[in-house]
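Notes to accompany the following structure.
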Amino acid sequence: MSSCQYSNEKVSIMDEKNIPIRTYQVCNVLEPNQNNWLRTDWIPRSGAQRVYVEVKFTLRDCNSLPGVTGTCKETFNLYYHESNEVRESYIKESSFIKVDTVAADESFTQVDVGDRIMKLNTEVRDVKVTTRKGFYLAFQDVGACIALVSVRVFYKTCPLTIRNLATFPDTVTGADTSSLVEVRGSCVNQSEEREEPKMYCGADGEWLVPIGGCFCSPGYEEKGGACKACSAGFYKAKSSDAGCFKCPPHSHSVRDGATVCDCHSGFFRADSDPPSMACTQPPSAPQQLISVVNETSVVLEWAPPRRLGGRSDTSYNYPRMGSGSISSSQLCLPCGSDVLFSPGQTGLKTTRVVVSELRAHTHYTFIVHARNGVSQASGAGAAQSVSVSVTTNQAVSSILAIDVTRHSLSLSWQQPDRPNGVILEYEVKFYEKDQKERSYRIMRTFSRSVDVTGLNPLTVYVFHVRARTAAGYGEFSAPFEFSTNSDPFPLIGEGVNSAFLLLSVSGVGILLLISAAVFIISRRRSKYSKTKQDSEEEKHLNPGVKIYVDPFTYEDPDQAIHEFAKEIDVSSIHIEKVIGMVGEFGEVCSGRLRVQGKREIYVAIKSLKAGYSDKQRRDFLSEASIMGQFDHPNIIRLEGVVTRCKPLMIITEYMENGSLDAFLRKHDGQFTVIQLVGMLRGIASGMKYLSDMSYVHRDLAARNILVNSNLVCKVSDFGLSRVLEDDPEAAYTTRVRRKIPIRWTAPEAITYRKFTTASDVWSYGIVMWEVVSYGERPYWDMNNQDVIKAIEEGYRLPAPMDCPVVLHQLMLDCWERERAERPTFSQILNMLDKLIRNPGTLRRTGGDRPAGTMLESGMGSEVCVSVLPEVCVPEWSVCEWLQSIGLERYRDTLAAAGYTSLDSLLALTHQ
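So for the sequence shown, UniProt numbering puts the first residue at 1; every next one is plus one.
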């Protein structure tokens, strides 16, 4: 442009590289009110929602134009018009929408001869086009000296890319400069979706926020953003595996893309074996099978197979066993179902078994098979077995002849029908029928008779007899019962002096009277100590009581956890939200557990945070090992554990209302007394169950009681709990000096760190106080030292507001200084059941306790305050008492002698 042209025209010029280009230029600067337009052809939108217009132009500085006054401009305007018409011959100016007024950053000022000193400007503007198929651009000059060098129209896309094995196509950006376009990717060949792959296309054409992705399919691994087949000798079993693995021992793959390696000839893989496991073989036969016959039982023992086949799941079965008579040539027949195997007949892990309930004088053949996980797949059978033949010992006599006296029995019997050798001796076992073999005596004799002496008169005895030969003892005979005679009474019969007889009867009556009086009064004064002792003795004599096993006695904590807790697949757990923290361990979450074949349930999930020590892991798992041993509706139920992956988890039932103390504070005053007693009854039932298992909780408090949606209270938090020894008076001493919850702990536990079921009873009394006071803090704002001192001085918590007298009395019983004087949980449970059945006893609150031990209920009947029914008897007169035992005829005699009260009867002597 050598000089200004005062017209809008298309000319050819040379660019800065001396390449000819076409330009549009205008320079009508002398005339006012210029309105010159230049319009493009129709431009298709091609799916774009925002286009960019790049304009390159030159502009003459108005000051460099001579003679120009106020008509010269240094800007021009950019417009656009959306249209579906490819050719619109005429478009009104008003139809165009203004994009911007464009000004030059650089302008030129003069033109030299043969050369031009120009400066090229480049400006970019964006335009939102979304309503039509295409658009027109227009340029308006209002009085500038300008040359339009080039116009480039473009839009932006996020280019095709592969991310996390997912392909994302070329994607046009959004209409707004801040918008993100969500794009779903598709997995590359030989891959499968791990989680829906997504990315977002930004307005500047960049991909943002990759989510999800794909896994290479089994038999393929990721290489360079694609999935390549595993080469021969390698395999990949699952899409989630990191890559291809070398075939395990005794296996191979001959083709690319193997998902599992085939076993070599003679080697096998069980259905339950993972593909990563080496192929194995069945075991060889057991070795050195020996048998020991004892009566009609046989003990079989053997050594493990010499070759286990490379597996650790060897077990032993007895698939075939036969019997036949020694004296006949009869073939072996299968044994009956009455034969007992201990510990079992199939799937044995030990190399010893006891077979009992066999027939006497019978020949047996036992075949022991060694099996492992691939025995069935290999088809191996007899080569893995070993057999032994045995003969059981002689049958015994079932006939007894007797001669009975008061303190002895003379017994005789016949020789067995089939002695199976020379009989060396007989063995007689006998016991009192009431003892049921808990205490028996043995006598041995060479003859077929024996005199049994030292027996109790008028007692039924049970006798068994068996014979012994060189082959061992036979089985005992069937039980025979015989009773000794009664002691004759020397004062009753012919020739007895009547006066002496009357005196004797009177003396017996007086003795009975004294004994009964001493019994009742001593029972009234002994309170809980005797009943507690009886209940403890009963518990330890009962062979059906399950005893708790301390997991800390196991060297390997994993052994304890797998013995007492069920392993849960982590994929069946769905965590929903965090509901709390669990001290040093980690978080407590709620979620759902779905086990195959069972309905989905809500659970609580405790997890062990990362970076834990071995001690923290052991302590964490020990709580599950403890809970796994309990099965009671008022003990928190353990659903299972997750130990085979991280994080470690303990899964328990979900208690919707949380801890009891917080629940009561939230619902202060909203429950009836019966409802509160029902909560206490549930806690007492759970603690009775624990005490019956010889277990001490050590941290019983309302904060450690959980409440479900049905207001059922369950004992939880076994982190401080420990086992109680076999001795009912034994106590647990803490292994480490851990903090003790002073406000809930019995004095002897605080002072000596000795814990018993009786110290749990003290804690239960505090829990009762918490429940009735709706979660108030025991001893309020007193510090721990003040609490200890107050308890030592005899202070006890007063009754909470509106607390029934009977409940506060039960609390005070739980807080007896001497632990032997406290009630047992069994007695507490009985007391609470009485109160629930007689709600009128709960109406009396506050004030002084009435004299004696009786309270009047609203029904007008007397109900006992104390736990023990025998303690709660009214103050009878001597007359009433004599009448109750059928000795009222002695009333006047006793009254004349000055015995007018039950206490005075204690002074009676034998004379």
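Positions of the beta carbon are idealized from the N, C-alpha and C atoms, including for glycine.
The beta strand (DSSP E) that contains residue i, what's its start and end?
i, result
"residue 105", "First-last for residue 105: undefined, no H or E at that position."
"residue 129", "Premise fails: residue 129 is in no beta strand (DSSP E) and is neither H nor E."
"residue 83", "75–83"
"residue 713", "713–715"
"residue 371", "362–371"
"residue 442", "441–445"
CB residue i to CB residue j, shorter than 8 angstroms?
i, j, result
"residue 45", "residue 135", "yes"
"residue 142", "residue 82", "no"
"residue 476", "residue 466", "yes"
"residue 608", "residue 586", "yes"
"residue 573", "residue 591", "yes"
"residue 807", "residue 782", "no"
"residue 101", "residue 121", "no"
"residue 659", "residue 706", "yes"
"residue 763", "residue 745", "yes"
"residue 642", "residue 568", "yes"
"residue 75", "residue 32", "no"
"residue 296", "residue 317", "no"
"residue 904", "residue 819", "no"
"residue 181", "residue 198", "no"
Around the Cβ of residue i, are there at least 16 other Cβ atoms within 10 angstroms (buried) or fewer (exposed)?
i, result
"residue 162", "exposed"
"residue 264", "exposed"
"residue 780", "exposed"
"residue 90", "exposed"
"residue 827", "buried"
"residue 699", "buried"
"residue 140", "buried"
"residue 92", "exposed"
"residue 823", "buried"
"residue 801", "exposed"
"residue 739", "exposed"
"residue 772", "buried"
"residue 859", "Per-residue confidence for residue 859 stands at a pLDDT of 31, beneath the threshold of 50, marking its modelled position as unreliable; the derived number appears in the next sentence. When all chains shown are included, residue 859 counts as exposed."
"residue 535", "Any reading at residue 535 needs caution, since the residue's pLDDT is 45, under 50, leaving its predicted position unreliable; the model's value is listed next. That one is buried."
"residue 86", "exposed"
Counting only the same chain and skipping the five closest in sequence on each side, list residues whose C-beta sits under 7 angstroms from that of residue i.
i, result
"residue 682", "634, 712, 713"
"residue 246", "233, 234"
"residue 270", "373, 374, 377"
"residue 839", "674"
"residue 194", "212, 213, 214, 215"
"residue 629", "548, 549, 564"
"residue 425", "444, 445, 446, 468"
"residue 644", "567"
"residue 900", "878"
"residue 632", "686, 689"
What residues in its chain sit with their C-beta under 8 angstroms from that of residue i, if we drop five residues either side in the sequence?
i, result
"residue 385", "285, 286, 367, 368, 369, 370"
"residue 188", "162, 165, 166, 167, 214, 225, 226, 227"
"residue 277", "248, 269"
"residue 836", "674, 677, 678, 681"
"residue 306", "284, 287"
"residue 65", "4, 29, 72, 145"
"residue 897", "none"
What is the residue span of the alpha helix (DSSP H) that residue i lies within?
i, result
"residue 827", "825–837"
"residue 760", "757–772"
"residue 564", "557–564"
"residue 808", "805–814"
"residue 163", "Note, residue 163: premise wrong, no alpha helix (DSSP H); beta strand (DSSP E) at 161–163."
Which same chain residues, not among the five before or five after residue i, have their C-beta less than 6 angstroms away from its C-beta?
i, result
"residue 616", "none"
"residue 703", "659, 661"
"residue 389", "365"
"residue 428", "443, 450, 465"
"residue 47", "172"
Secondary structure, alpha helix (DSSP H): runs of 4+ residues fully inside the region 655–695
660–666, 673–692
Uninterrupted beta strand (DSSP E) stretches inside the region 571–631 (no shorter than 3 residues)
573–581, 587–593, 601–607
Could you tell me which whole beta strand (DSSP E) segments of length 3 or greater appear in the region 174–250?
Whole beta strand (DSSP E) segments, 3+ residues: 181–184, 191–201, 207–216, 220–223, 226–229.
Completely contained beta strand (DSSP E) runs for the region 11–77, where each covers 3 or more residues:
Secondary structure remark: continuous beta strand (DSSP E) runs of at least 3 residues inside the region 11–77, in chain order: 20–26, 36–39, 50–59.
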